[in-house]
Every structure is written in structure tokens, then in C-alpha cells.
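>
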Amino acid sequence: MSPPDAGLLSLNTATTRKQWSLAQAVAGCARHGIRGIAPWRDQLHEMGIQPAAHAIRGNGLTVTGLCRGGMFPAADAAGREAAIDDNLRAVDEAHALGARCLVLVVGGLPEGSKDIAGAREQVRDGIAAILPHSRQAGIPLAIEALHPMYAADRACINTLGQALDLCDALDPRNEGGLGVAVDVYHVWWDPQLERQIERAGKARLLAFHICDWLVPTRDLLNDRGMMGDGVIDLPRIRSWMQHAGYAGFHEVEIFSELDWWRRDPDQVLETCKERHQRFC
Ligand code: ZN
0 MSPPDAGLLS LNTATTRKQW SLAQAVAGCA RHGIRGIAPW RDQLHEMGIQ
50 PAAHAIRGNG LTVTGLCRGG MFPAADAAGR EAAIDDNLRA VDEAHALGAR
100 CLVLVVGGLP EGSKDIAGAR EQVRDGIAAI LPHSRQAGIP LAIEALHPMY
150 AADRACINTL GQALDLCDAL DPRNEGGLGV AVDVYHVWWD PQLERQIERA
200 GKARLLAFHI CDWLVPTRDL LNDRGMMGDG VIDLPRIRSW MQHAGYAGFH
250 EVEIFSELDW WRRDPDQVLE TCKERHQRFC
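Just so you know, numbering that gives the first Met the number 0 puts 113 at position 114 of the sequence shown, and the rest follows in order with no gaps.
#1: Exposed or buried, what is D211 when buried is set at 16 or more other beta-carbons lying within 10 Å of its beta-carbon?
#2: Just curious, the beta strand (DSSP E) that L101 is in, first and last residue?
#3: Is the stretch 24-44 in contact with the stretch 59-72, if contact means three or more CB pairs nearer than 8 Å?
#4: Is E92 buried or exposed, if buried means 16 or more other CB atoms sit within 10 Å of its CB?
#5: Name the DSSP bridge partner or partners of H249?
#6: Tell me where the alpha helix (DSSP H) around H146 begins and ends.
#7: Could you give the distance in angstroms between the alpha-carbon of D85 and the alpha-carbon of Y184?
#8: Within 10 angstroms of the Cβ of H53, are there 16 or more other Cβ atoms? Answer buried if so, exposed if not.
#9: Quick check on W39: does DSSP put it in helix, strand or coil?
#10: Buried or exposed for R172, going by 16 or more other Cβ atoms inside 10 Å?
#11: Return the bridge partner residues of C66 from the DSSP annotation.
#12: Compute the Euclidean distance between the alpha carbons of A24 and G137, then round it to the nearest angstrom.
#13: Short of 6 Å in beta carbon distance, which residues of its chain neighbour K201, apart from the five on each side in sequence? Order them along the chain.
#14: Among A82, L192, A154, L101, whose alpha-carbon lies nearest the alpha-carbon of I231?
#15: On the three-pair Cβ rule with 8 Å, is the stretch 236-250 touching the stretch 214-224?
#16: Between D182 and the ligand ZN, is the CB less than 7 Å from at least one heavy atom?
#17: Under the three-state reduction of DSSP, which class applies to I138: helix, strand or coil?
#18: Tell me the start and end of each unbroken beta strand (DSSP E) in the stretch 190-245 that is at least 3 residues and wholly inside, in chain order.
#19: Mind checking whether H249 and F207 have CB atoms under 8 Å apart?
#20: Please name the residue in I36, G106, M0 whose C-alpha comes closest to that of T15.
#21: For G175, is the classification buried or exposed, using 16 other Cβ atoms within 10 angstroms of its Cβ as the cut-off for buried?
#22: If we call anything under 8 Å between Cβ atoms a contact, is L65 one with P38?
#23: What did DSSP end up calling S133 once you bin it into helix, strand or coil?
#24: Taking the alpha helix (DSSP H) that L21 falls in, what are its first and last residues?
#25: Would T158 and D114 be called neighbours here (beta carbons separated by less than 8 Å)?
Take a look at the structure:
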């Protein structure tokens with residue numbers, strides 16, 4: 000496969016969150032010629048939504064996604080309402096930034112619960128509650144399936160097939176505004192991955208997150224690898240995405256307490272660019 004278009008690289012700011020504020024990450028992308036950025040809401044709030052939108056637009060960057068909405072399940076109705084309110088605000092923030100989607104990390108089990116089926120129902124109901132508003136705002140909701148090791152505490156949607164079943168349930172006529180974020184870290188192992196990417200198709204493939212799976216993985220959350228350092232066949236997965244019609248950005252998202260968060264962030268961005276060309 001020929002190397003990817005360098006212009007499709009996007010920086011998910013989780014990759015430099017220990018070194019850089021959002022303002023610094025925006026400036027870093029501009030300095031390194033990276034055309035896409037995906038901010039996290041905590042850093043967005045620190046910077047202020049209007050200043051961030053202004054800086055991002057001023058540098059001609061595309062917001063490939065806002066991270067993140069979701070976290071719908073809660074132990075009681077008040078908690079579920081609060082989650083829905085927060086997601087409605089996240090939609091508005093994504094709109095202010097002109098984001099291509101709002102990424103949903105849907106949430107796991109409520110405190111004290113062992114009812115994962117119930118948690119999944121709460122996720123379905125939560126997305127249903129915000130979908131009219133997100134559609135009106137023109138912000139597609141991208142359900143991100145997370146690796147099953149996060150089912151209890153982060154996301155009880157764990158395969159792309161399951162995420163697409165949810166899309167089918169909430170949007171049976173495929174009217175749009177709802178789809179998936181494909182993060183290779185979470186789904187690379189899935190024997191159904193190719194088939195499910197094909198099933199999603201262009202309309203529901205809203206984001207593509209890249210990094211690598213290290214062997215061994217030393218931390219369940221914060222030991223993601225740089226592209227090329229692990230076992231994920233990135234060119235193959237990119238070819239499936241492209242074959243299915245995805246023409247969007249390739250967003251580097253690396254949580255790395257032990258390695259990349261300790262490096263000079265300018266060097267991290269240089270490495271992202273080089274590895275994107277060599278290994279994606
Ligand atoms: Zn991701």
C-alpha cells in the first residue's frame with residue numbers, strides 16, 4: 000500500500016497532554032504542518048471555548064473530533080439526567096469548534112452494579128436523548144467501542160459490531176448523525192473487524208484513531224504505543240477503512256505515561272509524522 004496522505008494526519012491532544020496545554024498543541028500542529036486536531040474537553044475548558052475556536056480556525060486546523068461525551072450510565076435518575084445535560088453541553092462545544100464529530104466513550108457499570116445489560120440499555124437511552132439535539136446542531140455522534148478490558152469502568156460497548164447494532168437500533172433508517180469512531184487500539188484484535196468496517200460504510204465511519212498495541216502492555220490505560228512499535232497491522236486496517244469509503248483524517252491518540260508523555264512534544268509530533276508515513 001502506498002503511504003498515506005500526510006495531510007490527513009491529526010493530533011489527538013491526549014498524545015501531548017502532559018506537556019502541552021491546548022493552546023500549545025494548536026501552535027505545535029501549526030508549526031509542524033499537522034492539519035487536524037482533536038481536543039479534550041478539560042483542556043478546552045481551561046483555554047476557553049471561544050479562544051480555542053478562534054485559535055484553531057486562525058491556524059486553519061480541522062477539528063477531527065471533540066473528546067469526549069458519553070459516560071451515560073448512573074446509579075440513579077438524577078445521575079443519568081446530569082450525564083445527558085453534560086452531553087448536550089458537549090454537543091454545543093463541538094458545534095462551537097466546528098468539530099467533525101463528538102466522540103462518545105459511553106460509560107461502564109454504575110457504582111455497585113453488576114448489571115452490564117442494564118448499563119447498555121442506559122447507554123442506548125442516553126444517546127437517544129441527545130440525538131435530536133446533536134442532529135440539529137449538525138454534530139455527528141461517534142460511538143467509540145473500547146477494548147473489553149474497559150467494560151466495567153469506561154465503556155460497555157466493546158466491539159464495532161456492538162456499536163453498529165446500537166446505531167441500527169437508534170437510527171434504523173440510517174438518516175445520519177450517528178456512527179462510530181474506529182480506534183485501532185480497541186478493535187485491532189476483533190476477527191470481525193473487516194466485516195464490521197464494511198458494514199459501517201462511509202456514512203457511519205466518522206473517525207479513525209491510530210496508535211499501536213505494545214507487547215507487553217505495562218499499564219491498562221496509559222501504555223499505548225507509537226505507530227510501528229507494536230503488533231497492529233495499520234496499513235491493512237487503513238485499507239479496510241478506505242475500501243469502505245472513509246476518506247477522513249488519521250488521528251494519533253497515544254496515552255503513554257512511561258514513554259511519549261515524558262518526551263519533548265516537538266519530537267513527539269515529528270515522530271508521529273514520520274511513523275504515519277512509514278507504518279500506516
Ligand atoms: Zn480513540
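Backbone N, C-alpha and C define an ideal beta-carbon position, used for all residues, glycine too.
Values in this document were obtained by computation on a predicted structure and should not be read as measured data.
From the atom records:
#1: Your numbering for residue 211 matches position 212 in the sequence shown. By the neighbour-count definition (other C-beta atoms within 10 Å, threshold 16), D211 is a buried residue.
#2: The residue labelled residue 101 in the question sits at position 102 within the sequence shown. From DSSP, the beta strand (DSSP E) with L101 extends over 101-104.
#3: Yes, they touch.
#4: Here residue 92 corresponds to residue number 93 of the sequence shown, with the count starting at 1. E92 is classed as buried because its beta carbon has at least 16 other beta carbons within 10 Å across all chains shown.
#5: Counting from one through the sequence shown, the residue named residue 249 turns up at place 250. Answer by DSSP bridge pairing, in chain order: L8.
#6: To locate residue 146, count along the sequence shown from 1; it is residue 147. Segment: none, H146 is in no alpha helix (DSSP H) and carries neither H nor E.
#7: Against the sequence shown, residue 85 aligns to sequence position 86. Against the sequence shown, residue 184 aligns to sequence position 185. Cα-Cα distance, rounded: 26 Å.
#8: By 1-based counting over the sequence shown, the position of residue 53 is 54. Its Cβ having fewer than 16 others within 10 Å, H53 is exposed.
#9: In the sequence shown, the residue the question calls residue 39 occupies position 40. Assignment of W39 by DSSP, reduced to helix, strand and coil, places it in the strand class.
#10: Numbered from 1 along the sequence shown, position 173 holds the residue referred to as residue 172. So R172 counts as exposed.
#11: Stepping through the sequence shown from its first residue, residue 66 is reached at position 67. Note: C66 sits in a beta bridge opposite W39, V102.
#12: Here residue 24 refers to the residue found at position 25 when the sequence shown is read from its first residue. Here residue 137 refers to the residue found at position 138 when the sequence shown is read from its first residue. Those two C-alpha atoms are separated by around 26 Å.
#13: Taking the sequence shown and counting its residues from 1, the one referred to as residue 201 is at position 202. Excluding sequence neighbours, K201 sits near G244.
#14: In the sequence shown, counting from the first residue as 1, residue 231 sits at position 232. Relative to I231, the option among A82, L192, A154, L101 whose CA is nearest is L192.
#15: Counting Cβ pairs under 8 Å, fewer than three are found: no touch.
#16: Against the sequence shown, residue 182 aligns to sequence position 183. Yes, since a heavy atom of the ligand ZN falls inside the 7 Å radius drawn around the Cβ of D182.
#17: Here residue 138 is taken as the residue at index 139 of the sequence shown, counted from 1. Of the three classes helix, strand and coil, the one that applies to I138 here is coil, per DSSP.
#18: If only complete runs of 3 or more residues are kept, the stretch 190-245 shows the beta strand (DSSP E) at 204-209, in order along the chain.
#19: The residue you call residue 249 lines up with position 250 of the sequence shown. The residue you call residue 207 lines up with position 208 of the sequence shown. Yes. Within cutoff.
#20: As a first step, residue 15 must be located in the sequence shown, where it is residue number 16. When the alpha-carbon of T15 is set against those of I36, G106, M0, the nearest one is in I36.
#21: The residue you call residue 175 lines up with position 176 of the sequence shown. G175 comes out exposed.
#22: Taking the sequence shown and counting its residues from 1, the one referred to as residue 65 is at position 66. Taking the sequence shown and counting its residues from 1, the one referred to as residue 38 is at position 39. A distance below 8 Å separates the beta carbons of L65 and P38.
#23: To locate residue 133, count along the sequence shown from 1; it is residue 134. In the structure shown, S133 sits in a helix (DSSP, three-state: H, G or I).
#24: Residue mapping note: residue 21 aligns to position 22 of the sequence shown, counting from 1. 21-31 is the extent of the alpha helix (DSSP H) around L21.
#25: As a working mapping, residue 158 is identified with position 159 in the sequence shown. As a working mapping, residue 114 is identified with position 115 in the sequence shown. Taking 8 Å as the Cβ cut-off, T158 and D114 do not qualify as a contacting pair.
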